[in-house]
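Visitor: Have a look at this one before I ask anything.
2 protein chains.
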Amino acid sequence: MAAKQDPKENLGISIKKNDDPAEWYGQVCLKAELAEYAPVKGCMIIRPRGYFIWETLQHEFDRRIKKLGVQNASFPLFIPESFFEKEKSHAQGFAPEVAWIANKYEGERIAVRPTSETIICDSFKRWIRSHRDLPLRINQWCNVVRWETEATKLFLRTREFLWQEGHCVYATSEECEKEVLLFLNEYEKILKDLLALPVIKGLKTEKERFAGALRTYTLEAYMPDGKALQCGTSHHLGQGFMKSFEVSFIGEDEKKHVPYSSSWGISTRLLGAVVLLHSDDKGLVLPPFVAQNQVVVIPIIFEKNKNEIQDYAKKVWCKLDWYRPLYDDREDHSAGYKYAEWELKGIPLRVEIGPKDFEKNQVVVVRRDTGEKEFVLFDQLEQRIPIILQNIHDNLYEKAKKNLEKSTLTAESWESFTTIIAEGKLAKMPHCTESKCEEEIKDKTKGVSARCIPLEENSKILKNKKCFHCKKDAQATVIFGRSY
Amino acid sequence: MAAKQDPKENLGISIKKNDDPAEWYGQVCLKAELAEYAPVKGCMIIRPRGYFIWETLQHEFDRRIKKLGVQNASFPLFIPESFFEKEKSHAQGFAPEVAWIANKYEGERIAVRPTSETIICDSFKRWIRSHRDLPLRINQWCNVVRWETEATKLFLRTREFLWQEGHCVYATSEECEKEVLLFLNEYEKILKDLLALPVIKGLKTEKERFAGALRTYTLEAYMPDGKALQCGTSHHLGQGFMKSFEVSFIGEDEKKHVPYSSSWGISTRLLGAVVLLHSDDKGLVLPPFVAQNQVVVIPIIFEKNKNEIQDYAKKVWCKLDWYRPLYDDREDHSAGYKYAEWELKGIPLRVEIGPKDFEKNQVVVVRRDTGEKEFVLFDQLEQRIPIILQNIHDNLYEKAKKNLEKSTLTAESWESFTTIIAEGKLAKMPHCTESKCEEEIKDKTKGVSARCIPLEENSKILKNKKCFHCKKDAQATVIFGRSY
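In structure tokens:
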């Protein structure tokens, strides 16, 4: 491997993805300079190459939800303890992982927000008076803190993370449900369009539901190490939070009504999904649309024609300006070293320019995802590069989608269920959807949980089926698996 | 006043700007729906109309600094106490206003970041090896917490606020100084271009310097109530933080060197400046480029021609799509009520459409800043509206600039200094720049502080001047005033 050309620099991933996925994952995040561990345990620093992915996702998703009538706002980091207690199941759900402020209590404890339903609903009480104020669609991009006790995993499990949280209020449950699904679909779209990340959309079982929600919809992705990864959720909160925070509105009938609310979020966790899903033994593989540099231009310099080749390479670099190109003409590193470095850091396309290419007025274009080489004439660059980038994106998505499909298997019995699970795949089966049964399954399988009730599957009616585990009447087809 | 047409709704500001500026300011922020007080004392909620201003500023400034080579990243909210102690003057400066985390200490106290120099410099130690890694320009958009004990003022003094903090590292002090001034100038530009906010650029005296800085440059604005408002700062941090956090690089000479660092920030405090500076007794006046709605279209409906007028008004509304127009055809409010409401909320332009306008194929355009009316033909809208919006922006800026200039007076003696100060203006005088002298002035005048050493003024040489207060040799011309 090229990465081994200069062992002093410790370039390259020292372990294969299949041999030790956890160690491999950590090395990719660190060596591709996406993130690093912060001094305070459980926190992370997102480096510019990683933050670029988040920013790009943020800008595009923000644009899309604004078109749907969502407005951004900013709510405080600090939430009084009494606010949590107003919605009891919410308080219970979040209690173990709340961080508190030490000094200057002012009568009660102050939490660092783990999520903002309570403080936002408190504002909604003042903002909502009439049916004319509905629907109200508010979003914030912010940091939240959940004091995890399990081992830190960059992006995937950190005490502080960045996210957006949408909070909407509707006059009717039907409207609310409709938009809970609308934002779920928006998530599915943006994950596909930017991150090349295919997901299964589904409903969470009661046990896995958001604390305080009536229904939680989820997007579950399947990672190459056999674990499901929850990529986003959209909750129908019913009237629970609205009642607890005394939100009401005067309807067209001039009577007082209690509205319905929802919340929905995606976080920097998605960056972990991108790394896990697409990357390989050489390092990071990035979907082109979120890559800080989509192209790296590397002139291969010999003494002969040195100036001409550099001039030509710079012309190529300028022509590719739209693609956030990096120009690497460092003279103290070999071409091989540079190839390895930019493969490690996940630049989707490498453009090599040697003496022959200069003579032929062409370049060599090498794809990061497949390693495929192609000669492109200088005059064809503007036409060809966007097509290759789109092909990379499509290839990453299709590969992941095929893997998701072939790894989500339908169990025929409890025995076949355990076999599928043992193979590190996701198993679908008829299930009673009772929490007790789920807990027993989790115990028996050492950690397998209900990932979701897939929406597609459950449009078909389940007739006369029994839960494969407890033998009670099945309520739904449920996907089980290990998860992050 | 139109606002009084419907007293039940409590629309409009109940006090004049000149009579009680503090009460007036609070009412404008609340009633124009820019912000509200959060349940945890000292914190605020930024509502969509307020957040829009911040977002717009953020997007444009982010675009501009990226062109200058700045990259965004994200550093943790939590900083170990020991990090503060590494840079002593920094620790002392921030100690009184740090909020600490209560639970799970892990050996030492954990602070909620009041600013991020320490944690960012700790990363720089790992990121910087060679002169090739410099200059390094990093920025983050985030929240910070300073546990203020003085009374809360929305945007101007809150325990949590949003900001950007740029942190750069350079090989030489000269480069560092050059870019400290570059970002200061970028601030001046964006404040002018988006917020119509004129400022005096200057250097802080030793007493007013950022804790840990070698030099602090500042942008000082002058508010109509006679107080200066610090709008942004750019610090040359010298080698202090670099040495404390052991950041070094191997130079082209292959020797180890200590680099120089800078930091620079603007915050949601700027929203307070915008409100204070431009608004009036009717409510918010917003510079058009940061207004969520630049135009409100109001059809004036009588029974006659009702449908035709509404159709025409909607055509106008569609034609003005570029200007984020609001369409207000509520039938349960009078036109006068609507005028007052949108004046209160600061929409820069009102477009009225009555029966006569419909007949003449025109509209009435009313400027929020001056109240001036103008008839504009339908076919002229696209040409005329952007011109009027630009005129509003320019008028706000010029008015504020004139006021800044005529309120910054040169004292001829200590007596004239005290007279200027008593008139609520800014006073310029030769000063020794010693902290002790500044403290005495502050005591004598009940709160007047050195705002800055204006850059423009101090390009001229001070010869044989004495400090008007202590009579020692003057070191610089210094502007003094009361401040937020």
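Going down the list, the sequences are from chains A and B.
Under our numbering, think of the first position of the first sequence as 157, with each following residue one higher.
Under our numbering, think of the first position of the second sequence as 157, with each following residue one higher.
We put the beta carbon where it would ideally sit given N, CA and C, even for glycine.
Across which residues does DSSP place Glu439(B) in a beta bridge pair?
Guide: Here residue 439(B) is Gly; the residue named in the question, Glu, does not match the sequence. Bridge partners of Gly439(B): Asp436(B).
Visitor: So, does the stretch 389–396 of chain A touch the stretch 368–375 of chain A, judging by three or more C-beta pairs under 8 angstroms?
Guide: With the cut-off at 8 angstroms, the stretch 389–396 of chain A and the stretch 368–375 of chain A touch.
Visitor: Given this structure, state the Cα-to-Cα distance separating Asn299(A) from Gly502(A), to the nearest angstrom.
Guide: About 27 angstroms.
Visitor: Can Phe217(B) and Ile346(B) be called in contact, C-beta distance under 8 angstroms?
Guide: For Phe217(B) and Ile346(B), yes; Cβs fall inside 8 angstroms.
Visitor: Considering Cα atoms alone, identify which of Glu316(A), Lys516(A), Leu545(A), Met585(A) is closest to Phe534(A).
Guide: Among Glu316(A), Lys516(A), Leu545(A), Met585(A), the Cα nearest to that of Phe534(A) is on Lys516(A).
Visitor: Which residues of chain A have a Cβ atom closer than 8 angstroms to the Cβ of Pro610(B), listed in chain order?
Guide: What Pro610(B) touches in chain A: nothing, since even the nearest Cβ is about 34 angstroms away.
Visitor: Buried or exposed: where does Lys627(A) fall if 16 or more other Cβ atoms within 10 Å of its Cβ makes it buried?
Guide: Exposed: under 16 other Cβ atoms inside 10 Å.
Visitor: Mind checking which residues open and close the alpha helix (DSSP H) that includes Glu497(B)?
Guide: Run containing Glu497(B): 491–500, per the alpha helix (DSSP H) assignment.
Visitor: Using beta carbons (cut-off 8 angstroms, strictly below), is Asp484(A) in contact with chain B?
Guide: It does not; no Cβ of chain B falls within 8 angstroms.
Visitor: Quick one: is Asp162(A) near chain B, going by C-beta distance under 8 angstroms?
Guide: Caution applies to Asp162(A), whose pLDDT of 43 falls short of 50 and renders its modelled position unreliable; the model cannot decide the point.
Visitor: Can you round the beta-carbon distance between Pro236(B) and Ile201(B) to whole angstroms, since I take them to be within the 8 angstroms contact cut?
Guide: So it is not a contact: roughly 30 angstroms between Cβ atoms.
Visitor: So, using beta-carbon positions, are Arg486(B) and Asn449(B) closer together than 8 angstroms?
Guide: It is not a contact, given that the beta carbons lie outside the stated cut-off.
Visitor: Which of the three DSSP states, helix, strand or coil, is assigned to Ile543(A)?
Guide: It is helical.
Visitor: Could you say which of Glu590(A), Glu273(A), Glu561(A), Ser417(A) lies nearest to Glu330(A) if we only look at CA atoms?
Guide: Per the Cα distances, Ser417(A).
Visitor: Counting only beta-carbon atoms, is Ser110(B) nearer than 8 angstroms to chain A?
Guide: Nothing about residue 110(B) can be reported from this structure: the residues present for chain B run from 157 to 640 only.
Visitor: Under 8 angstroms, Cβ to Cβ, is there at least one residue of chain A near Cys199(B)?
Guide: With 8 angstroms as the cut-off, Cys199(B) counts as an interface residue toward chain A.
Visitor: Along chain B, in chain order, which residues have C-beta atoms closer than 8 angstroms to that of Ile257(A)?
Guide: Residues of chain B passing the Cβ test: Ala255, Trp256, Ile257, Ala258, Val268.
Visitor: So, using beta-carbon positions, are Glu508(B) and Val519(B) closer together than 8 angstroms?
Guide: Cβ atoms of Glu508(B) and Val519(B): closer than 8 angstroms.
Visitor: Tell whether a beta-carbon distance below 8 angstroms holds between Tyr640(A) and Leu385(A).
Guide: Yes, the pair counts as a contact, with Cβ atoms nearer than the cut-off.
Visitor: Check Arg607(A) in the structure and name its three-state DSSP category.
Guide: Here Arg607(A) sits in strand by DSSP.
Visitor: Just list the residues that DSSP pairs Leu318(B) with in beta bridges.
Guide: In the DSSP output, where bridge partners are listed per residue, Leu318(B) has Asn299(B).
Visitor: Please check if any C-beta of chain B sits within less than 8 angstroms of the C-beta of Val196(A).
Guide: Interface residue, yes.
Visitor: Classify Asn122(B): buried if its beta carbon has 16 or more other beta carbons within 10 angstroms, exposed otherwise.
Guide: The structure shown has nothing for residue 122(B), since chain B only spans 157 to 640.
Visitor: Go through its chain and collect everything with a Cβ distance to Val430(A)'s Cβ below 6 angstroms, but skip five positions before and after it.
Guide: Closer than 6 angstroms at the Cβ level, and outside the excluded window around Val430(A), lie Leu351.
Visitor: Does DSSP put Asn174(B) in a helix, in a strand, or in coil?
Guide: Coil, per DSSP.
Visitor: Measuring only between beta-carbons, confirm whether Gly168(B) sits less than 8 angstroms from chain A.
Guide: For Gly168(B), the answer is no, since every Cβ of chain A falls outside 8 angstroms of its Cβ.
Visitor: So, under 8 angstroms CB-CB, Leu505(B) and Arg523(B) are touching, yes? Tell me the CB distance rounded to an integer number of Å.
Guide: Yes, Leu505(B) and Arg523(B) are in contact; Cβ-Cβ is about 6 angstroms, under 8 angstroms.
Visitor: Quick one: list the residues of chain E neighbouring Glu273(B), beta-carbon separation under 7 angstroms, in chain order.
Guide: Among the protein chains in the structure shown, which are A and B, there is no chain E.
Visitor: How about Leu310(A): is its C-beta nearer than 8 angstroms to some C-beta of chain B?
Guide: It does not: the Cβ of Leu310(A) has no partner Cβ on chain B nearer than 8 angstroms.
Visitor: Please classify Ala178(B) as buried or exposed, where buried requires at least 16 neighbouring CB atoms within 10 angstroms.
Guide: Result: exposed.
Visitor: Less than 8 angstroms between the CB atoms is what I'm expecting for Trp303(B) and Val254(B), so what's the real figure, rounded?
Guide: With a Cβ gap of about 7 angstroms, Trp303(B) and Val254(B) count as contacting.
Visitor: Closer than 8 angstroms, Cβ to any Cβ of chain B: which residues of the stretch 223–237 of chain A, in chain order?
Guide: Flagged, chain order: Gln227, Asn228, Ala229, Ser230, Phe231, Pro232, Leu233, Phe234, Ile235, Pro236.
Visitor: Straight-line CA distance for Glu596(B) to Pro204(A)?
Guide: Their backbone Cα atoms lie some 47 angstroms apart in a straight line.
Visitor: Measure the CB-CB distance between Val301(A) and Leu500(B) and report whether it falls below 8 angstroms.
Guide: Result no, Cβ atoms of Val301(A) and Leu500(B) do not sit closer than 8 angstroms.
Visitor: Does Ala583(B) pass the burial test, meaning 16 or more other C-beta atoms within 10 Å, or should it be called exposed?
Guide: Classification for Ala583(B): buried.
Visitor: To be precise: take each residue of the stretch 343–361 of chain A, compare its Cβ to all Cβ atoms of chain B, and keep it if any distance is under 7 angstroms. Which residues remain?
Guide: Correct list: empty, as no residue qualifies.
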